[in-house]
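Written below as structure tokens is the structure these notes are about.
Below is the structure:
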């Protein structure tokens, strides 16, 4: 009887699926003006960056030998740079990077 | 309340290297860059683990996370009104008590955690929070304190510090300090007033291990527990978003925030400074205090001096190396 | 065993809720519904009913508690009266929009000001836009039956809507009447256990209940309930048919007619004053007045077609309004506007007017019914109504 445009659909009772691992409907990597840059040599795996990121964008890799950065979601708040215990992290202007400012067709 | 059925024992985390790897509050949420409440939410969720249900009263940790038709909560979550986080949590917990008892749901009683802001805990949500504590439900009530009604554009709340510039307490000729009122002491609203509550603690995003271990300790306790977590807000307090953790630490160093536990009637302090830094060192880092004059700063210092003497006079508790207030 | 007891409306409600094997109850005292909760408290504490009895801190909290419990997969019960109903108001839409089949008993009561414990329908009626099923019981028997019927309707997968199960304060809630109580086996046959489906809060199948939506999605969200209410009537008919069969009742789902066969004038109402109306109609008949009664069972969903069919045969209809809607189109209560809307498309419509009666917990004396009947007869003779509302007993 009713024609609901697909991009305006709302699930039953406004109950949505829970995300697994990440929420791709809210990619925030295109927010940042600066990105954190890690000098692995200086990193002592103190885990401050892992602990202090509100967006969980630093994670220990599988082998637990180094921390890995999440370019897709990092907002560039630079808390990690501020809290790094060994100056291994510094900030750099996002547009200096070839993959700088993730440009998406639609903002969200 | 009825017989609690929780048998879990979440072990304390000894160092940052050992924090659980899995995120229950995943990347992909619309909170501000550097958001203190988002950081504490991530840490609380991580400490609690997958057998958890979150209640989300309206506020930043609802609206900024749940826009639009998507959330970062990997565990079950339900929106509540800002008025009733405690009441909805009570209903969820009661449902699980009876479903487990009747055998219509099989499993360990889930962690039920309310994630309420300062308004949803101490102001409009106070009634529901207190009733939850009184009735003895097996629920952890977390108050993430960003010292304002932030989501609606930074308005004053009962935990907003004296002298803050908010959109309901703007400094002006008639009221130069902006906010005239001194804040409520939120943990004291719970401690000693509710016989069923055996554990209340404060924490800060400055000390994530302490925060996560307090979450686990609270969840291991049978019955209602309360955590008051300091979560600086770059937008509301007007500081650079990279400084969130630094400002949280400075709050503790100046006495603007105290980190302690209250368990079975005894206070235990953590990170208590041997010598407090003057509050002006804290005030000058945030533009919400930029308008304050000397007389206002003096009032703030006097308030903090009195506040760090209470709750409870720091008694000689034999762990771990207590410091006397100079 | 099936038996017949003398129960007040409150006690009957408690009995039904117990037999429905409710999981979570949230109480808060306010006259006159409190007695239902007192009965349930006794049942729980005696071990007769295995349910969580949560002492809510207020009516707003009651609705919040059952919102959470229902979302977590429990069959729930709460209730209130008067200003308690309006204090809880914030929660009504989240519950219906969240498609949680919460059941709330309302033993209606006049709203403040001032304090008045007497019956009036305004408290519940003011919530009729919130997306809940709503209807009145005339007797403790109907109250008992309505609670079971509403659980079954609300929890139906095609419906998933909350229900206000209403009864007149004091007239029904406190005055005992005969109630036939079925076997537990009959109730279990009629009402299966609550099967919540995948939108339940469960760590074993996580979901996010109620995130923000964009403004352009608002209409679609509203349409969900719009559609649910469109699909509701056949389910109600099916459920009541099943109830009648299993329990040996003969309820018609939408309207109940009394002596309407050859009636020229009729009263239209919901709830307890139907009892007085029938006495009045018998007397009027003895005097040669061809009067009848049409009693409404559900005010939401409003059965426009059945109301039109039923009322179209009369010359003049008097709608008894036991609620107020100040400044409304009919200058009186809530029902006349809906009655006229139902009749609008008919090629020939009866004359209709309304009578404010039974407000504040007052009885409607037989004399008032005779006076109303005279007004209707006069209107029928004149071919027009004087006005849309009379305040019965307060004017000539």
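Chains as they are written, first to last, in our numbering: chain W, 4 to 111; chain E, 12 to 337; chain Y, 1217 to 1612. We treat Cβ as the ideally placed atom computed from N, Cα and C, and that holds for glycine.
- DSSP places residue 141 of chain E in the helix class (H, G or I) of the three-state scheme.
- A Cβ of chain W is located within less than 8 Å of the beta carbon of residue 82 of chain E.
- Taking the Cα positions, residue 1252 of chain Y is about 18 Å away from residue 1281 of chain Y.
- Using a CB distance cut-off of 8 Å, residue 103 of chain E does not count as an interface residue toward chain W.
- Interface residue (Cβ-Cβ distance to chain E less than 8 Å): residue 96 of chain W is not classified as such.
- Within the region 7-18 of chain W, the residues whose Cβ lies closer than 7 Å to some Cβ of chain Y are 7, 11, 12, 13, 15, 16, 17 and 18, listed in chain order.
- From the beta-carbon of residue 1423 of chain Y, the residues of chain W found nearer than 8 Å are 18, 19, 20 and 21.
- At the C-beta level, residue 87 of chain E and residue 111 of chain E stay beyond 8 Å of one another.
- Contact check for residue 236 of chain E and residue 216 of chain E: beta-carbon distance about 19 Å, past the 8 Å limit, so the pair fails to qualify.
- Secondary structure remark: continuous alpha helix (DSSP H) runs of at least 4 residues inside the region 116-180 of chain E, in chain order: 129-133 and 137-146.
- A residue is called buried when at least 16 other Cβ atoms come within 10 angstroms of its Cβ; residue 1548 of chain Y meets this threshold and is buried.
- One alpha carbon belongs to residue 1573 of chain Y, the other to residue 1355 of chain Y, and they sit about 19 Å apart.
- In the assembly as shown, residue 100 of chain W is an exposed residue. Its beta-carbon has fewer than 16 other beta-carbons within 10 Å.
- With respect to chain W, the C-beta atom of residue 1372 of chain Y has no partner C-beta closer than 8 Å.
- Note on geometry: alpha-carbon atoms of residue 1367 of chain Y and residue 1406 of chain Y lie some 10 Å from one another.
- Interface with chain W (8 Å Cβ-Cβ cutoff): residue 1433 of chain Y is included.
- Rounded to whole angstroms, the separation of the alpha carbons of residue 1328 of chain Y and residue 1592 of chain Y is 32 Å.
- At least 8 Å separates the beta-carbon of residue 1267 of chain Y from that of residue 55 of chain E.
- Listed by position along chain Y, the residues whose Cβ is nearer than 7 Å to that of residue 108 of chain E are 1268.
- With 16 or more other Cβ atoms inside 10 Å of its own Cβ, residue 269 of chain E counts as buried.
- For residue 45 of chain W, the closest Cβ of chain E is not nearer than 8 Å.
- Of Y:1335, Y:1353, Y:1412 and Y:1350, the smallest CA-CA separation from residue 1372 of chain Y is found for Y:1412.
- Using beta-carbon distances, residue 233 of chain E does not count as an interface residue toward chain Y, since no partner is under 8 Å.
- When 8 Å is used as the limit between beta carbons, residue 1281 of chain Y is near these residues of chain E: 98, 99, 101, 102 and 105, in chain order.
- For the region 33-51 of chain E, the set of residues with a beta-carbon nearer than 7 Å to any beta-carbon of chain W comprises 34, 37, 38, 39, 40, 41, 42, 44, 45, 46, 49 and 50, in chain order.
- For residue 1387 of chain Y, there is no enclosing alpha helix (DSSP H), as DSSP marks it with neither H nor E.
- Contact residues of the region 252-265 of chain E toward chain W are 252, 253, 254, 255, 256 and 257 (C-beta to C-beta distance below 9 Å).
- For residue 1252 of chain Y, DSSP records no beta bridge to any residue.
- Interface with chain W (8 Å Cβ-Cβ cutoff): residue 1427 of chain Y is included.
- Within the same chain, Cβ atoms closer than 6 Å to the Cβ of residue 1238 of chain Y are found at 1267, 1291 and 1293, the five residues on either side in sequence being excluded.
- In this structure, the straight-line span from the alpha carbon of residue 1430 of chain Y to that of residue 1419 of chain Y is close to 27 Å.
- At least one CB of chain W lies nearer than 8 Å to the CB of residue 30 of chain E.
- Rounded to the nearest angstrom, the gap between the Cα atoms of residue 1249 of chain Y and residue 131 of chain E is 30 Å.
- Where residue 39 of chain W is concerned, the enclosing beta strand (DSSP E) starts and stops at 37-41.
- Per DSSP, the continuous alpha helix (DSSP H) segment holding residue 258 of chain E begins and ends at 255-265.
- Taking a contact as a CB-CB distance under 8 Å, the pair residue 82 of chain W and residue 253 of chain E counts as one, their CB atoms being some 5 Å apart.
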